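Shown next, in structure tokens, is the structure this report addresses.
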Amino acid sequence: MSQPRRIPRHRAWSVLTLPTLLCVLTACSSGPASGGGDSNGDGAATAKGTSAASASPTPTGPPGTLFDNFHYTGPTDPALTAHGWEIRTGEGGPGIQDTWSDAGASFPADTTAQGGRTLQLQASTDGTQKGTKQVEIQSTGTKLFNGTFAARVYLSDKPAGGKNGDHVVQSYFPISPSDDSANYSELDYEYMPNGGWGTPGPQLDTTSWFKADPPDRVTKPHKQRFKGWHIMMVTAVDGKATYSMDGKELFTSTGKYVPREKMDVHFSNWFIDLLPSLGGQRTWNLKINWFYYKDAAAVPYADVQKTVDGFYSAGTDFVDTLATS
622 MSQPRRIPRH
632 RAWSVLTLPT
642 LLCVLTACSS
652 GPASGGGDSN
662 GDGAATAKGT
672 SAASASPTPT
682 GPPGTLFDNF
692 HYTGPTDPAL
702 TAHGWEIRTG
712 EGGPGIQDTW
722 SDAGASFPAD
732 TTAQGGRTLQ
742 LQASTDGTQK
752 GTKQVEIQST
762 GTKLFNGTFA
772 ARVYLSDKPA
782 GGKNGDHVVQ
792 SYFPISPSDD
802 SANYSELDYE
812 YMPNGGWGTP
822 GPQLDTTSWF
832 KADPPDRVTK
842 PHKQRFKGWH
852 IMMVTAVDGK
862 ATYSMDGKEL
872 FTSTGKYVPR
882 EKMDVHFSNW
892 FIDLLPSLGG
902 QRTWNLKINW
912 FYYKDAAAVP
922 YADVQKTVDG
932 FYSAGTDFVD
942 TLATS
């Protein structure tokens with residue numbers, strides 16, 4: 622079962638270098654996108670290797686829309702910051718305290734990804750705190766509230782390297798900027814291929830939160846394997862938060878378990894505990910192909926994919942037409 626995220630949610634984000642700051646101030650961006658994917662989202666196009674360093678950080682597009690296909694060169698690409706993303710470093714939880722690092726964030730070519738490139742979050746551990754690196758990326762600006770949240774995500778059942786058995790959590794969640802907010806809101810997907818907190822895996826938890834401390838949430842576990850690419854959605858409209866995967870509804874929360882304030886979206890790959898008995902180094906990959914958000918509307922699954930396909934076909938890497946306040 623899902624646990625409290627982090628109380629308080631300490632953050633020590635990477636400090637902007639002068640070139641990065643200048644780039645943000647002058648609206649750095651990127652060149653043309655790589656090739657589009659096929660209609661079912663399983664495109665095998667090869668990435669062109671272009672940086673996102675020359676497009677406007679808020680290009681024109683459908684109103685009330687955020688879209689990113691993560692075509693960046695690396696964690697220090699100035700366009701990543703200009704487009705409103707931060708990779709976490711520093712202290713705090715959840716999982717293994719104070720092990721957050723940007724070393725596991727990369728943007729490799731991937732023939733299984735639509736458009737041929739993906740954001741990869743690689744968590745690693747040797748069973749010790751010193752030898753553990755967790756990784757998380759979040760949007761900035763706190764602009765996401767009621768609407769449709771969708772991401773094409775690759776979930777792993779086994780480590781990319783090393784012995785299997787870690788209690789790893791691969792998560793995707795919109796969340797309030799502060800855990801002690803009076804209107805705290807959080808909508809969680811957490812996949813645990815090997816289980817955790819005394820519960821055997823595999824298990825995917827879909828959880829809506831009302832309060833972080835003391836924990837007040839409703840959750841529904843799904844006891845099955847989800848290895849591979851999936852379009853994971855939450856539609857939060859009309860007093861309901863509905864979770865669905867690949868167009869199939871998984872869980873709906875109502876009442877007080879719906880968003881009550883604007884949030885940021887996070888993708889995170891972390892460990893519940895340390896298992897030194899497994900021996901050796903283990904690495905776990907979580908991949909995010911794209912993220913799409915539509916403000917104040919419940920967009921059907923088929924229309925989400927159609928819209929995303931249109932962005933790829935047009936060579937559009939990034940869109941942000943959300944209100945700034």
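Numbering (this note's numbering), first residue to last: 622 to 946.
Beta carbons: idealized from backbone N, C-alpha and C, even for Gly.
In this text, all values refer to a predicted model and were calculated from it rather than measured experimentally.
| Check | Outcome |
| --- | --- |
| Run of the alpha helix (DSSP H) containing Gly931, from where it starts to where it stops | 922–934 |
| Coil, strand or helix - Pro814 by DSSP | coil |
| Three-state class that DSSP yields for Ala944 in the structure shown | coil |
| Contact check, Phe847 vs Tyr812, beta carbons under 7 Å | yes |
| Same chain only: Cβ atoms within 6 Å of Val920, ignoring 5 sequence neighbours per side | Thr769 |
| The stretch 880–887 contacting the stretch 800–812, beta-carbon criterion three pairs below 8 Å | yes |
| Heavy atom of the ligand GTP within 6 Å of Asp719 beta-carbon | Only the bare structure without any ligand can be found here, which leaves the ligand GTP out of the picture. |
| Closest Cα partner of Ala862 within the set Phe932, Thr828, Gly716 | Thr828 |
| Distance between Trp721 and Gln926 (C-alpha atoms, nearest Å) | 32 Å |
| Contact set for Leu765: own chain, Cβ-Cβ below 7 Å, skip 5 residues either direction | Pro795, Lys883, Met884, Asp885, Val886, Tyr914 |
| 7 Å Cβ cutoff met for Asp689 and Phe939 | yes |
| N- and C-terminal bounds of the beta strand (DSSP E) containing Pro699 | Unbroken run through Pro699 is the alpha helix (DSSP H), 699–703; no beta strand (DSSP E). |
| Proximity to Ala833 [Cα-Cα], best of Val790, Tyr878, Glu870 | Tyr878 |
| Inter-stretch contact at 8 Å, needing at least 3 Cβ pairs: the stretch 713–730 / the stretch 747–761 | yes |
| Helix, strand or coil at Ala803 [DSSP, three-state] | coil |
| Proximity of Ala771 and Met854 at Cβ, strictly below 7 Å | yes |
| Beta carbon of Asn906 nearer than 7 Å to that of Gln735 | no |
| Residue interval of the beta strand (DSSP E) (run including Met884) | Met884 -> no beta strand (DSSP E), and no H or E assigned at all. |
| Chain-order list of residues whose beta-carbon lies under 7 Å from that of Asp659 (same chain, five-residue window excluded) | Note that Asp659 has pLDDT 35, beneath the 50 cutoff, so the model's placement of it is unreliable and no number is given. |
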